[in-house]
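Take any residue in the sequence shown, note its place counting from 1, add 1, and you have its number in my numbering. Every residue, glycine too, gets a C-beta built ideally from N, C-alpha and C.
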Amino acid sequence: MDADLIFANFTGADITKADLRGATLNETIWINALVNKCEFGEGIGLSNQQRQYLLLGGVIFSSSKLD
């Protein structure tokens, strides 16, 4: 998916196994979102806190630039 998901609110959403590689994720909200096996590219636009929260939920980042 190549999309700009700016100001997207995924609160409580089930996006399990979604392919969000290539998406820009600025100002997204992920509270209680089901993200297991959801694929992200580099996670463009995510804060470090959001990235850690999503990793705990089972997100897969396909980039080596995670530090």
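Let me make sure I understand the geometry here. Which of the options has the alpha-carbon closest to that of residue i?
i: residue 43; options: 27, 37 and 32; result: 27
i: residue 4; options: 46, 56, 23 and 14; result: 23
i: residue 20; options: 39, 10 and 47; result: 39
Are the Cβ atoms of residue i and residue j separated by less than 9 Å?
i: residue 59; j: residue 37; result: yes
i: residue 6; j: residue 29; result: yes
i: residue 51; j: residue 31; result: yes
I'd like the span of the alpha helix (DSSP H) that includes residue i, first residue to last.
i: residue 52; result: 49-57
If I'm right that residue i touches residue j with Cβ under 8 Å, what's the distance once you round it to whole angstroms?
i: residue 17; j: residue 35; result: 5 Å
i: residue 62; j: residue 41; result: 5 Å
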